[in-house]
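>
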Amino acid sequence: MCTHGATIYGATAHGGHATYMVVPAETLVPMPEEISFSAGAAIACGTGTAFGALRRADVTGRDTVAVFGLGPIGQSAIQFAAALGAEVIAVDIAADRLARAGELGAHHIVDSSTTDAVEAIREITGGRGATVSIKSSGAPSARVAGTRCLGPWGRIALVGLGGNIEHDVSPDIVIKQISIIRSYTFSNVGMGECARFVAQHGIDVDALFTDRWKIEDAETAYKEFDQQVRGKAVIEF
């Protein structure tokens, strides 16, 4: 494990708003030919985050996966979980994102603005609860529901950042033997694994983008991004 951190382009180093840029070779991730540059950008941030969470939660086709928060990370989690053969339950309060979840492979849709998500998931699963929840929302209510919707021996991957939450620890976690997994980005090796998985399973990562901009329109693109009312965007050259 590296104890010295890493260079993150666009965060701890200059980003890639250029046709070419010079970087150390060890920071590069080879992309399969089937993957577009925009899909590669998503894998580097967002889609790759979702892949890492599902890997850490050891999701398989035996699982019922509840995804809370259907931004780009949650939408990617739906695609990966469905590709792994899991039953996928999508939870959000935004009608447009819930509609997209169905298009991306979710088997069940739960509008938590009108429905108790925990009760809905228990009904969908015949009272058993989900086996895995991916919490990509930072909302406290989603973080609590993501734990309470699980059945015995369930696993929750905490991905979305947020403030403190309160749990009744004994019934919510201890008695049900819940495993809490922290997942925050991942390595270059993990990105390579994600890219190969996307190529091998024919996952349409480009379907996540709601907006595509040219570099000449970058100022407008960032103003739109700051509003936080649209989906995932990419600047193309």
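The letter at position 42 of the sequence shown is residue 43 when you use this note's numbering, and the numbering goes up by one with no holes. Backbone N, C-alpha and C define an ideal beta-carbon position, used for all residues, glycine too.
1. Just how far apart, CA to CA, sit threonine 211 and glutamine 76?
2. Tell me glutamate 88's beta-bridge partners as DSSP assigns them.
3. According to DSSP, which residues form a beta bridge with aspartate 112?
4. Thinking glycine 130 and glycine 155 are a contact (beta carbons under 8 Å), I'd like their distance in whole angstroms, please.
5. With contact counted as at least three CB pairs below 8 Å, one residue from each stretch, are the segment 201 to 208 and the segment 33 to 41 in contact?
6. Can you list, in chain order, the residues of its chain with a C-beta nearer than 7 Å to that of arginine 98? Leave out the 5 residues immediately preceding and following it.
7. When we look at the beta-carbon of serine 138 and count the other beta-carbons within 10 Å, is it buried (16 or more) or exposed?
8. So, does the segment 222 to 230 touch the segment 108 to 116, judging by three or more C-beta pairs under 8 Å?
9. So does the segment 53 to 61 actually touch the segment 22 to 38, counting three or more Cβ pairs closer than 8 Å?
10. From threonine 20 to arginine 149, what distance separates their C-alpha atoms?
11. Can you give the beta carbon distance from leucine 159 to isoleucine 182, rounded, assuming they're within the 8 Å contact cut?
12. What separation, rounded to the nearest whole angstrom, lies between the Cα atoms of leucine 85 and arginine 197?
13. List, from N- to C-terminal side, the beta strand (DSSP E) runs of 3 residues or more that fit wholly inside the segment 150 to 183.
14. Can you name the start and end residues of the alpha helix (DSSP H) that glutamate 27 belongs to?
15. Looking at the structure shown, is aspartate 59 part of a helix, part of a strand, or coil, going by DSSP?
16. Please classify methionine 22 as buried or exposed, where buried requires at least 16 neighbouring CB atoms within 10 angstroms.
17. Counting along the chain, where does the beta strand (DSSP E) carrying valine 206 start and finish?
18. Can you list, in chain order, the residues of its chain whose CB lies under 6 Å from that of threonine 145, leaving out five sequence neighbours each side?
19. Is it right to say isoleucine 179 is buried, meaning 16 or more other beta carbons lie within 10 angstroms of its own, or is it exposed?
Working from what's here:
1. 12 Å
2. Thr65
3. Asp93
4. 6 Å
5. yes
6. Leu71
7. buried
8. no
9. no
10. 47 Å
11. 7 Å
12. 14 Å
13. 151 to 159, 180 to 183
14. No alpha helix (DSSP H) holds glutamate 27; DSSP gives it neither H nor E.
15. coil
16. exposed
17. Unbroken run through valine 206: none, as it is neither H nor E.
18. Reading the sequence as shown, one finds valine at residue 145 and not threonine. Ile166.
19. buried
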